[in-house]
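**Student:** Residue numbers (the UniProt record's numbering), protein chains in the order written: chain A, 1 to 227; chain B, 1 to 227. Below is a structure I'd like to ask you about.
Set out below in structure tokens:
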């Protein structure tokens, strides 16, 4: 016990549970919270609980959203012939921030990782195949029925016109798990008339060739393209 | 708007208000919060609000605590002849962690910083003088009456025997504001029969002379002591 207040100590303990927040940062945050107005603190606390209470999983793309289907899936302005496969909702945020992608998403909820005991059945892989095949009448990994049509029926949103998927872009991280998952999904989708691509791996913009690691450099060479 | 959920967006916004938490970390925390159980999130949210609701300022040392006087001021085992003056409650935490200091504290609530518009009257300087002079019958910076005896009367805690303060240790940060505050307090306390010291400034333990900045090195030389 280094604090003179058990309440502060409890707060520091709670804050330390969050990722990227060590004991030192937690102390600093606690000191800041004590200086904030009660209203401000209540607002943060409410936002945290609201996220748990209100946020749902889109039953089409499995992204987090306030409604299902999510605004992207329900949009009439997105290109429905392209589906971008990502690991986590945060990857959707990252891609949306670029403003360059106008297609739909599919959130796997992880990547294949035998070391962590994560296999294809723990991910939304079957649901992806369902979307590509145009027969999304499969039970999801969690046992819920994820029928695109049904998701729309329940929401009362007018579903955009169904369009066959022409391209699946695998936007998975360039590491062992991402590679494994990409290869696995690529093989699964071989059976369908759909183009499967993967986002480029190479030197980051602003990066320096001199300081790039060998794996990145090899991949950058391998992936070279015409001017 | 890069999120598909306004609730998540609101949470990220709220979290970004905290120090050391940028938009990226806020996104990461939000993703983690969505994965936590509702109970865990409620626990964190409650701890934050509880800190605002339950934590009070000790009316003797002005540290944060669950009760006034705080456990340190109320303790019969601390050396009441030594008072360590610090800027913030977090400095008390840091010093208590060493386990080396057995005296009492006095939290100024800041340091003199003309650039930020903070003068001696915004700090608990008068209260410090009150404690040293043995006549702590002054109104505090915030206008409340901070009378040590009264603080004890209200709490019902048996006050430890009053002991005259023999030494005031200024544990202020080694920067311009800390130096200014130290000099100011030193001059104020000149009128009393009390030894005023300041914690040593020099090379940090494990630090490297070669990489130390000149100011630190100068101070380390100046503060050299016998073996």
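Each residue gets a CB set at the ideal place from its N, CA and C atoms; glycine is no exception. A quick note: this is a predicted structure, and the numbers were derived from the prediction, not measured.
Taking the CB atoms as reference points, tell me whether residue 194 of chain A and residue 186 of chain A lie closer together than 7 Å.
**Tutor:** Against the first chain, residue 194 of chain A aligns to sequence position 194. Against the first chain, residue 186 of chain A aligns to sequence position 186. Against a cut-off of 7 Å, the Cβ pair of residue 186 of chain A and residue 194 of chain A comes out as no contact.
**Student:** Looking only at DSSP bridge pairs, what is residue 83 of chain B linked to?
**Tutor:** Start at 1 with the first residue of the second chain, and residue 83 of chain B comes out as number 83. Partner(s): B/104 and B/168.
**Student:** Counting only C-beta atoms, is residue 171 of chain A closer than 7 Å to chain B at any point?
**Tutor:** Residue 171 of chain A sits at position 171 when you count from the first residue of the first chain. Chain B contact via Cβ: absent.
**Student:** Are the beta-carbon atoms of residue 86 of chain B and residue 171 of chain B separated by less than 7 Å?
**Tutor:** Along the second chain, read from residue 1 onward, the residue named residue 86 of chain B stands at position 86. Along the second chain, read from residue 1 onward, the residue named residue 171 of chain B stands at position 171. Yes, the Cβ-Cβ distance between residue 86 of chain B and residue 171 of chain B is below 7 Å.
**Student:** Let me see if you follow: with CB-CB separation under 7 Å, is residue 63 of chain A close to chain B or not?
**Tutor:** Mapped onto the first chain, residue 63 of chain A falls at position 63. Yes, its Cβ sits closer than 7 Å to a Cβ of chain B.
**Student:** Report all residues from its chain with a CB closer than 6 Å to the CB of residue 11 of chain B; omit the five preceding and five following residues, and keep chain order.
**Tutor:** The residue given as residue 11 of chain B occupies position 11 in the second chain. The answer, listed in chain order, is 30.
**Student:** Taking all protein chains shown into account, do 16 or more other C-beta atoms lie within 10 angstroms of the C-beta of residue 89 of chain A, making it buried, or fewer, making it exposed?
**Tutor:** Here residue 89 of chain A refers to the residue found at position 89 of the first chain. Buried, since its Cβ has 16 or more Cβ neighbours within 10 Å.
**Student:** Note down, in chain order, each residue of its chain lying with its Cβ closer than 6 Å to the Cβ of residue 182 of chain B, except the 5 sequence neighbours on either side.
**Tutor:** Counted from its first residue, the second chain places residue 182 of chain B at position 182. 170, 172 and 198.
**Student:** Rounding to the nearest angstrom, what Cα-Cα distance links residue 208 of chain A and residue 32 of chain B in this structure?
**Tutor:** Counting from 1 along the first chain, the entry for residue 208 of chain A is found at position 208. Counting from 1 along the second chain, the entry for residue 32 of chain B is found at position 32. Answer to the nearest angstrom: the Cα atoms are 33 Å apart.
**Student:** Buried or exposed: which applies to residue 106 of chain A, given that a residue is buried once 16 or more other Cβ atoms fall within 10 Å of its Cβ?
**Tutor:** Numbered from 1 along the first chain, position 106 holds the residue referred to as residue 106 of chain A. That one is buried.
**Student:** Using a Cβ-Cβ distance under 7 Å, would residue 184 of chain A count as near chain B?
**Tutor:** Position 184 of the first chain, counted from the first residue, corresponds to residue 184 of chain A. No, no contact with chain B.
**Student:** Compute the Euclidean distance between the alpha carbons of residue 137 of chain A and residue 5 of chain B, then round it to the nearest angstrom.
**Tutor:** Within the first chain, numbered from 1, the residue matching residue 137 of chain A stands at position 137. Within the second chain, numbered from 1, the residue matching residue 5 of chain B stands at position 5. Any reading at residue 137 of chain A must be qualified, since the residue scores a pLDDT of 44, below 50, and its modelled position is unreliable; the value itself is stated next. Roughly 26 Å separates the two Cα atoms.
**Student:** Drop a sphere of 10 angstroms on the beta-carbon of residue 52 of chain B, count the other beta-carbons inside from all chains shown, and report buried for 16 or more, exposed for fewer.
**Tutor:** Here the question's residue 52 of chain B lines up with position 52 in the second chain. That one is buried.
**Student:** What does residue 27 of chain B touch in chain A if you count any residue whose Cβ is under 8 Å from its own?
**Tutor:** In the second chain, counting from the first residue as 1, residue 27 of chain B sits at position 27. Within chain A, the residues near residue 27 of chain B are 90 and 93.
**Student:** Identify the residues that DSSP records as bridge partners of residue 196 of chain B: which are they?
**Tutor:** On the second chain, position 196 is the one that residue 196 of chain B refers to. Its beta-bridge partners are B/168.
**Student:** What are the boundary residues of the alpha helix (DSSP H) that includes residue 220 of chain B?
**Tutor:** In the second chain, the residue the question calls residue 220 of chain B occupies position 220. Segment 214–222, the alpha helix (DSSP H) holding residue 220 of chain B.
**Student:** Could you check if residue 22 of chain B is buried or exposed, using at least 16 other CB atoms within 10 Å of its CB as the buried criterion?
**Tutor:** As a working mapping, residue 22 of chain B is identified with position 22 in the second chain. With fewer than 16 Cβ atoms within 10 Å of its Cβ, residue 22 of chain B is classed as exposed.
**Student:** Beta-carbon of residue 111 of chain B versus every beta-carbon of chain E: anything under 7 Å?
**Tutor:** Reference to chain E is not applicable here, since the protein chains of this structure are A and B.
**Student:** Roughly how many whole angstroms lie between the Cα atoms of residue 79 of chain B and residue 45 of chain A?
**Tutor:** Working through the second chain from its first residue, we reach residue 79 of chain B at position 79. Working through the first chain from its first residue, we reach residue 45 of chain A at position 45. The alpha-carbon atoms of residue 79 of chain B and residue 45 of chain A are separated by roughly 40 Å.
**Student:** Report the three-state DSSP secondary structure of residue 64 of chain A (helix, strand or coil).
**Tutor:** For the purposes of this step, residue 64 of chain A is identified with residue 64 of the first chain, where counting begins at 1. Strand, per DSSP.
**Student:** Against chain A, which members of the segment 52–78 of chain B pass a CB distance test of less than 8 Å?
**Tutor:** Listed by position, the residues of the segment 52–78 of chain B near chain A (Cβ gap below 8 Å) are 52, 53, 54, 55, 58, 63, 64, 65, 66, 70, 71 and 72.
**Student:** Which ranges would you report for the alpha helix (DSSP H) in the segment 16–68 of chain B if only whole runs of at least 4 residues count?
**Tutor:** If we require 4 residues or more, the alpha helix (DSSP H) runs fully inside the segment 16–68 of chain B come out as 23–35 and 38–54.
**Student:** Where residue 125 of chain B and residue 108 of chain B are concerned, what is the direct C-alpha to C-alpha distance, given to the nearest angstrom?
**Tutor:** To locate residue 125 of chain B, count along the second chain from 1; it is residue 125. To locate residue 108 of chain B, count along the second chain from 1; it is residue 108. Their Cα atoms are separated by approximately 6 Å.
**Student:** May I ask you to verify whether the segment 66–73 of chain B touches the segment 59–70 of chain A, counting CB pairs closer than 8 Å and requiring at least 3?
**Tutor:** Judged by Cβ distances under 8 Å, the segment 66–73 of chain B makes no contact with the segment 59–70 of chain A, as fewer than three pairs qualify.
**Student:** Mind pulling the chain B residues with CB within less than 7 Å of residue 42 of chain A?
**Tutor:** As a working mapping, residue 42 of chain A is identified with position 42 in the first chain. 49, listed in chain order.
**Student:** Going along chain B, which residues have a C-beta under 9 Å from residue 5 of chain A?
**Tutor:** Stepping through the first chain from its first residue, residue 5 of chain A is reached at position 5. Within 9 Å Cβ-Cβ: 51, 54, 55, 56, 63, 64, 65, 66, 67, 70, 71 and 89.
**Student:** Does any residue of chain A bring its CB to less than 7 Å from the CB of residue 38 of chain B?
**Tutor:** Indexing the second chain from 1 puts residue 38 of chain B at position 38. With 7 Å as the cut-off, residue 38 of chain B counts as an interface residue toward chain A.
**Student:** Tell me the rounded alpha-carbon separation between residue 8 of chain A and residue 49 of chain B.
**Tutor:** Here the question's residue 8 of chain A lines up with position 8 in the first chain. Here the question's residue 49 of chain B lines up with position 49 in the second chain. Near 11 Å, if we compare the C-alpha coordinates of residue 49 of chain B and residue 8 of chain A.
**Student:** Report the three-state DSSP secondary structure of residue 133 of chain A (helix, strand or coil).
**Tutor:** As a working note, residue 133 of chain A is residue 133 in the first chain. It is helical.
**Student:** Taking just the CA atoms, how far does residue 56 of chain A sit from residue 206 of chain B?
**Tutor:** Taking the second chain and counting its residues from 1, the one referred to as residue 206 of chain B is at position 206. Taking the first chain and counting its residues from 1, the one referred to as residue 56 of chain A is at position 56. So the alpha carbons of these two residues sit roughly 50 Å apart.
**Student:** My parser needs the alpha helix (DSSP H) runs of 4 or more residues fully inside the segment 109–133 of chain B; what are they?
**Tutor:** Qualifying alpha helix (DSSP H) stretches, in chain order: 125–133.
**Student:** Find out if the Cβ-Cβ distance for the pair residue 112 of chain B, residue 67 of chain B is shorter than 7 Å.
**Tutor:** Here residue 112 of chain B refers to the residue found at position 112 of the second chain. Here residue 67 of chain B refers to the residue found at position 67 of the second chain. It is not a contact, given that the beta carbons lie outside the stated cut-off.
**Student:** Within 10 Å of its beta-carbon, does residue 92 of chain A have 16 or more other beta-carbons around it, so buried, or fewer, so exposed?
**Tutor:** The residue you call residue 92 of chain A lines up with position 92 of the first chain. When all chains shown are included, residue 92 of chain A counts as buried.
**Student:** Compute the minimum distance between the beta carbon of residue 71 of chain A and the heavy atoms of the ligand MN, and state whether it is under 6 Å.
**Tutor:** Ligands in the displayed structure: none, and consequently the ligand MN is not present.
**Student:** Taking the CB atoms as reference points, tell me whether residue 165 of chain B and residue 132 of chain B lie closer together than 7 Å.
**Tutor:** The sequence position of residue 165 of chain B within the second chain is 165, counting from 1. The sequence position of residue 132 of chain B within the second chain is 132, counting from 1. Going by C-beta atoms, residue 165 of chain B is nearer than 7 Å to residue 132 of chain B.
**Student:** Got a sec: is the Cβ-Cβ distance from residue 19 of chain A to anything in chain B below 7 Å?
**Tutor:** In the first chain, residue 19 of chain A corresponds to position 19, counting from 1. So, interface residue.
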